[in-house]
Amino acid sequence: MQSTLTHLECSRCRRPYSHEQLINLCFCGGPLLARYDLHAAARTLTPWFRPDGGEPLRSLRPTTMWRYRELLPPGEPVSLGEGLTPLLHVRRLGDRLGLSKLFIKDEGLNPTGSFKARGLSAAVTRARALGAETVAIPTAGNAGGALAAYAAQAGLRCVVVMPADTPSANVLECRAFGAEVIQLDGLISDCGRYVAEQARRRNWFEVTTLKEPYRIEGKKTMGLELFEQLGRLPDVIIYPAGGGVGLIGMWKAFDELEAMGCISPDRPRMVAVQAAGCAPVVEAFEKGGESCEFWEHAHTIASGLRVPKPLGDFLMLAAIRSSSGTAVAVSDAEMLRAACELAAREGIFASPEGAATVAAACHLKEQGWLNAQETVVLFNTGSGYKYSEAWTQALREQPAESPAGRTPQGSGT
Ligand SMILES: *Cc1c(COP(=O)(O)O)cnc(C)c1O
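For what it's worth, our numbering labels the leading residue of the sequence shown as 46, then goes sequentially.
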């Protein structure tokens, strides 16, 4: 059981690169993707994935995302127990929406409370193996906390650059993990420019979204887990897209599963959910564009979705289109209402980003885009516990009504 990584390849121009160097983007500016010897990976992973023959093998593997070792980068894993999060059948919410096979993949249970842990566990593992000393990141919040935690465990120095209005829990956790925290007046795109400038002068290794090849590898394990947990892929995946790493990563995982002979060419319909105050992917999707325009004056309480011009926009749009998926925008008020409903009906305290997928599922069911019998997976990408500013505002605007129309399980309403 070892990594079968063979090289890196540009997602735009296909130029190959060695994986034995610290590297960011291709010369052409395109993000680099990790390539594996999938034939070798299949020898140990495919029998393991098969529901009949897999059990004895399965129990020998770690109960983290590193159980898919063949399809992750080499190096001694820097791990805090990320991945293998629960896939919960949410019956009460499903009854309300008219979806009998509605699931939530609860990524809020990852170390540091978001799925950013997966990507940064993979990125820090590889960066340490290749000799990086300082890792730096521009972040809307959760990625900074996750990088700071993994850098602490790896013994690397860490610099986190975030907008001044980032949720306070994200600032506190980064400080607690010992990172240098820089707060700028501006958006994540401004923080990204700052990190890029300083990185060259101060010998920081940038682990900016998609500017580094392995965060996507960590996040793709969500797609491998769906396959392991359901025994097949769902019909629809509804995902709150900021930079789009999770969506692109899962799409890559499905290609790898197909190449290993685990699945057919059929794919789940991929849905990107964005905030009405920052919806460049929705706009590009509706206009038929292949990439996004910069979204001016981006604003939303869902800090993870405040990405005005994602670097991987063209990869996200390609995955959405070729899967016959769609892109949906929801308002902040809808996210907050959906979060309260999800908490009261199912006991899941989601981030506003995760709650956005509940609001989107509701719209798509009403429009007839989802049908009642389909297996639909919503991604709660982060825990609600870090967003106290947003909840304070929501509860102020939503005075005590009965808790989300709660009815006992199975009462038929
Ligand atoms: C970062 C983040 C997102 C967006 O993730 P991408 O994969 O970059 O699109 C969504 N939700 C939460 C909670 C986040 O922290």
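All C-beta atoms in this analysis are idealised placements derived from N, C-alpha and C, irrespective of residue type, glycine included.
Sequence-distant residues of its chain with Cβ nearer than 7 Å to residue i (five each side left out)
i: S460; result: Absent from the structure is residue 460, since the part of the chain shown begins at 46 and ends at 458.
i: L70; result: P76, L77 and K256
i: A167; result: L117, P118, Y259, R260, E262 and G263
i: W111; result: L117, P122 and S124
i: L142; result: A406, C407 and K410
i: D151; result: T130, P131, L133, I393 and N425
i: P310; result: E303
i: L387; result: L138, I393, A395, A400 and V403
i: M305; result: L83, A86, A87, L90 and T91
i: A417; result: G143, L144 and S145
i: G237; result: P183 and T253
i: R245; result: none
Assigned secondary structure, residue i (DSSP; H/G/I helix, E/B strand, else coil)
i: V135; result: coil
i: E225; result: strand
i: A347; result: coil
i: A395; result: strand
i: G427; result: strand
i: E301; result: helix
i: M46; result: coil
i: V421; result: strand
i: S447; result: For S447, the predicted model reports a pLDDT of 47, less than 50, meaning its position is unreliable; a value from the coordinates is still stated below. It is coil, neither helix nor strand.
i: V352; result: coil
i: P92; result: helix
i: Y113; result: helix
i: F359; result: helix
i: I282; result: strand
i: E257; result: coil
i: E434; result: helix
i: E218; result: helix
i: E251; result: strand
i: G455; result: Legend: pLDDT at G455 = 44, less than 50; position of this residue unreliable, value from coordinates given subsequently. Note: G455 maps to coil in three-state DSSP.
Proximity test, residue i beta-carbon vs ligand 2 heavy atom, cut-off 6 Å
i: G263; result: Absent from the structure shown: ligand 2. Ligands present: ligand 1.
Residue span of the beta strand (DSSP E) that contains residue i, given as start and end
i: K375; result: In the sequence under discussion, the amino acid at residue 375 is Val, which differs from the Lys named in the question. Residues T371 to V375.
i: H52; result: L50 to C55
i: L77; result: L77 to Y81
Spatial neighbours of residue i in its chain, beta-carbon cut-off 6 Å, leaving aside the 5 residues before and after
i: F339; result: P353 and K354
i: G455; result: Any reading at G455 must be qualified, since the residue scores a pLDDT of 44, below 50, and its modelled position is unreliable; no value is offered.
i: P448; result: Confidence at P448 is low in this model, with a pLDDT of 47, below 50, so the placement of that residue is unreliable and no value is reported for it.
i: V135; result: L147, I149 and E391
i: A162; result: E127, N155, P156 and A191
i: A214; result: K431
i: A439; result: L381
i: A298; result: K265, G268 and L269
i: T108; result: L129
i: G289; result: P355, G357 and M361
Enclosing alpha helix (DSSP H) for residue i [first to last residue]
i: N416; result: Taken as a continuous stretch (DSSP letters only), N416 belongs to no alpha helix (DSSP H), as it is neither H nor E.
i: Q274; result: R260 to L275
i: R245; result: I233 to R247
Cβ neighbours of residue i in the same chain (closer than 8 Å, five flanking residues each side left out)
i: G291; result: F160, K264, M267, Y284, F424 and T426
i: A321; result: T345, A374, V375, S376 and D377
i: L271; result: L132, K150, L278, P279, I282, M295 and V422
i: L415; result: L144, V281, A406, L409 and V421
i: V240; result: A181, I182, P183, V204, V206, W249, E251 and T253
i: V327; result: A317, Q319, A372, V373 and A374
i: A177; result: L67, L201 and F250
i: A364; result: L292, I293, W296, M315 and G370
Cβ-Cβ separation, residue j to residue i (assumed contact under 8 Å), whole Å
i: T157; j: E218; result: 7 Å
i: A435; j: P397; result: 6 Å
i: G223; j: M207; result: Rounded, the Cβ-Cβ distance is 16 Å, inconsistent with contact.
i: V337; j: A329; result: Rather than Val, the amino acid found at residue 337 in this sequence is Cys. Confirmed, about 5 Å.
i: V216; j: A181; result: The pair is not a contact, with the Cβ atoms about 16 Å apart (cut-off 8 Å).
i: L201; j: V169; result: 7 Å
i: G357; j: I308; result: About 23 Å; that fails the 8 Å criterion.
i: A172; j: L67; result: 7 Å
i: E335; j: F359; result: 6 Å
i: L165; j: Y195; result: 5 Å
i: G186; j: S428; result: Contact doesn't hold; Cβ gap of about 12 Å is too wide.
i: A209; j: L232; result: Wrong, their Cβ atoms sit about 10 Å apart, outside the cutoff.
Test: residue i CB closer than 7 Å to a CB of chain C
i: A191; result: Note that chain C does not occur in the displayed structure, where there is just one protein chain.
For this session: Give, in chain order, every unbroken run of the alpha helix (DSSP H) that is at least 4 residues long and sits entirely within the segment 305-333.
Result: 325-332
Exercise. Can you list, in chain order, the stretches of the alpha helix (DSSP H) that have 4 or more residues and sit fully within the segment 141-216?
Worked result: 161-174 and 187-199
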